[in-house]
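Residue numbers (the working numbering): 11 to 470. Ideal placement from N, C-alpha and C gives every residue a C-beta, glycine not left out.
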Amino acid sequence: MDVKTVLLCLFIVNMFMGVFTLIVKKTQPTFTGINFWIYSSILIACGYILMAQRNSLPDVFSIIFAQLMFVTAGFFRIFGLNNFFYIRNTSKFLFCAILIIIIFILVQVFFTFFNESVLTRTISSGVVLSGISIYIGILILQNKPSTNTSTYYLASVSFFTFSFIFLLRIVQWLIIPEVRGLFNPDFINNLQFVSSLIIDIVWTTMFFVLHNQRINNQRQESEGSLRELNAGKDRFLSILAHDLKNIFNSIYNLSELLLLKFETISKKELEHHIKVMFDTTSRAYFLFEDLLFWSASNLGKLTPNIQKIAFKDLYNRVIEKLSIKSNQKNIMVTLIEKNESVEIYTDPNMMQAILRNLLSNALKYTNQNGKVEVIIEQADNYAIISISDNGTGISKSDQVKLWDSLPGYSTTGTANEQGTGFGLILCKEFVEKLGGRIWVESELKIGSTFRFTIPVGNGR
Numbered sequence: 011m012d013v014k015t016v017l018l019c020l021f022i023v024n025m026f027m028g029v030f031t032l033i034v035k036k037t038q039p040t041f042t043g044i045n046f047w048i049y050s051s052i053l054i055a056c057g058y059i060l061m062a063q064r065n066s067l068p069d070v071f072s073i074i075f076a077q078l079m080f081v082t083a084g085f086f087r088i089f090g091l092n093n094f095f096y097i098r099n100t101s102k103f104l105f106c107a108i109l110i111i112i113i114f115i116l117v118q119v120f121f122t123f124f125n126e127s128v129l130t131r132t133i134s135s136g137v138v139l140s141g142i143s144i145y146i147g148i149l150i151l152q153n154k155p156s157t158n159t160s161t162y163y164l165a166s167v168s169f170f171t172f173s174f175i176f177l178l179r180i181v182q183w184l185i186i187p188e189v190r191g192l193f194n195p196d197f198i199n200n201l202q203f204v205s206s207l208i209i210d211i212v213w214t215t216m217f218f219v220l221h222n223q224r225i226n227n228q229r230q231e232s233e234g235s236l237r238e239l240n241a242g243k244d245r246f247l248s249i250l251a252h253d254l255k256n257i258f259n260s261i262y263n264l265s266e267l268l269l270l271k272f273e274t275i276s277k278k279e280l281e282h283h284i285k286v287m288f289d290t291t292s293r294a295y296f297l298f299e300d301l302l303f304w305s306a307s308n309l310g311k312l313t314p315n316i317q318k319i320a321f322k323d324l325y326n327r328v329i330e331k332l333s334i335k336s337n338q339k340n341i342m343v344t345l346i347e348k349n350e351s352v353e354i355y356t357d358p359n360m361m362q363a364i365l366r367n368l369l370s371n372a373l374k375y376t377n378q379n380g381k382v383e384v385i386i387e388q389a390d391n392y393a394i395i396s397i398s399d400n401g402t403g404i405s406k407s408d409q410v411k412l413w414d415s416l417p418g419y420s421t422t423g424t425a426n427e428q429g430t431g432f433g434l435i436l437c438k439e440f441v442e443k444l445g446g447r448i449w450v451e452s453e454l455k456i457g458s459t460f461r462f463t464i465p466v467g468n469g470r
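Listed below in structure tokens is the structure:
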């Protein structure tokens, strides 16, 4: 098979994959990062069709633009993979990608127009594209789940194989001249053609398989969580009753104190006691509200009422309810919107419950005069919301307990605040009902960051 035929076949395969993925996206719910899959497939297809016209088009198109499309597509694949694994594409990583692309293109231009060297161009292409493929393979292995890993291994091996074949050509040409006679050009071209076909097909189809696998895992986890919830129901009710007893005991004692000393108590003391009563009553109210939400959810009576709403409006409603708690500890709470006026499609009540519990926990475990940041940024079809504090932090061993079944995991706050740990369980359940995912990053004595994703469009 001659080179031009190989390139035309690769053009057809990649264009088909790009169009196929686009049609799937338009017709059914898909995974995060799918846009980058579409862009990369179309860019690679365009690169192959330009290379196929090597003798008909100027070198600036058939070499420079073609190579630019290949390398850009490689980085698009990394961006898409990061989105799939909910890894943030940082500005530092974006800068490095742009810098590598610029240096690569300058090398291609120099050795095409000023010091023509096919060998140098091939080596630079092989090193950069192989490096990208190896990075992708490692990224897939690093983020594989603990079970059902065969698809992840298949995907990573396909990228490693592609890189190996590319590097094999470089070794053949440069390092070990003696082996050149063992490989004829047609053999290497056909080998590279087959590996390119495999990786392009696996790259696209793999993520549909992984997406379905993720949904099945979530369903199994939900079923397992339900069994654990039923098993831990009695323990949870016992802790809950104890917590509510403490709340109402505090209200009872304060109200009795005010009643007995109403004539002699100072205005400042009266204000302090009223604030404590308000905070305690609010805690009881929010706990009852969460319990009603959770009960309705588990009885199948809670269906998300999806609406389009500005995130800032939801945040303002929640922070207003928590202002007394933040003022008591003099904690500065700030909202940072990375994208202007982010609008999300969500259930406002569920979303407020998520924000309230996460913010309440951040305030609970942050010391006097600390700070809490709420950051929202848009990534593809999802928004990533982060609630960060500079509080006590959570050890690695305790982090795995946060999402356990009832009665939940909780420790005493910096001002001896008590809790059941129920709020985080509710947050996880609501985030998943809304089509997202929640996780935590934390270090002891440094602070914690709880992140979760939420759709920004109604085509989730």
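Proximal residues to residue i (C-beta, below 6 angstroms), its chain only, five neighbours per side dropped
i       : result
Ile-73  : Thr-122
Leu-109 : none
Glu-453 : Gly-403
Thr-344 : Glu-383
Ala-372 : Val-382, Ile-397, Asp-399
Leu-32  : Ile-48
Ser-405 : Leu-454
Lys-14  : Ala-62
Asn-367 : Gly-433, Cys-437
Within 8 angstroms, strictly: CB atoms of residue i and residue j
i       : j       : result
Lys-339 : Gln-378 : yes
Leu-24  : Ile-54  : According to the sequence as given, residue 24 is Asn; it is not Leu. Against a cut-off of 8 angstroms, the Cβ pair of Ile-54 and Asn-24 comes out as a contact.
Val-466 : Tyr-392 : yes
Phe-46  : Gly-90  : yes
Asn-341 : Ile-395 : The question names Asn, yet the displayed sequence has Ile at residue 341. Against a cut-off of 8 angstroms, the Cβ pair of Ile-395 and Ile-341 comes out as no contact.
Ser-51  : Gly-28  : yes
Ile-59  : Val-81  : no
Gly-433 : Ser-333 : no
Trp-449 : Ile-435 : no
Leu-116 : Phe-176 : no
Met-487 : Cys-56  : Here the chain covers residues 11 to 470 and nothing more, so residue 487 does not appear.
Leu-270 : His-283 : no
Gly-141 : Phe-94  : no
Ser-143 : Phe-114 : no
Phe-169 : Gly-147 : yes
Ser-135 : Gln-77  : yes
Below-8 angstroms beta-carbon distance, residue i vs any chain B residue
i       : result
Ile-175 : In the displayed structure, chain B is absent; only one protein chain is listed.
Cross-strand partners of residue i (DSSP beta bridge)
i       : result
Lys-455 : Paired residue(s): none; Lys-455 is not in a bridge.
Leu-345 : Val-384
Lys-318 : Tyr-355
Ile-464 : Ala-393
Val-450 : Phe-460
With 16 other Cβ atoms within 10 Å as the buried cut-off, status of residue i
i       : result
Asp-357 : buried
Gln-317 : exposed
Tyr-96  : buried
Tyr-163 : exposed
Thr-421 : exposed
Lys-36  : exposed
Val-70  : exposed
Leu-280 : exposed
Same chain, Cβ closer than 7 angstroms to residue i, neighbours up to 5 away in sequence not counted
i       : result
Ala-320 : Ser-351, Glu-353
Leu-324 : Pro-358, Met-361, Gln-362, Leu-365
Val-189 : Model confidence at Val-189 stands at a pLDDT of 48, short of 50, so the residue's coordinates are unreliable; what they give is reported in the following sentence. So the qualifying residues of the chain are Gln-182.
Phe-193 : Caution applies to Phe-193, whose pLDDT of 44 falls short of 50 and renders its modelled position unreliable; the model cannot decide the point.
Sequence-distant residues of the same chain with beta carbon closer than 8 angstroms to residue i, five excluded per side
i       : result
Lys-348 : Ile-385, Ile-386, Glu-387, Gln-388
Arg-470 : Bear in mind that the predicted position of Arg-470 carries a pLDDT of just 42, short of 50, making it too unreliable to give a figure here.
Arg-87  : Phe-46, Trp-47, Ser-50, Ile-142, Ile-146, Trp-213
Near the ligand GDP: residue i beta-carbon under 7 angstroms from a heavy atom
i      : result
Leu-78 : With respect to the ligand GDP, the structure offers nothing, as it holds no ligand at all.
Exercise. Can you list, in chain order, the stretches of the beta strand (DSSP E) that have 3 or more residues and sit fully within the stretch 373 to 429?
Worked result: As far as the stretch 373 to 429 is concerned, its whole beta strand (DSSP E) runs of at least 3 residues are 381 to 389, 392 to 399.
For this session: Jot down the residue ranges of each uninterrupted alpha helix (DSSP H) in the stretch 35 to 90, minimum 4 residues, whole runs only, in chain order.
Result: Correct list: 44 to 62.
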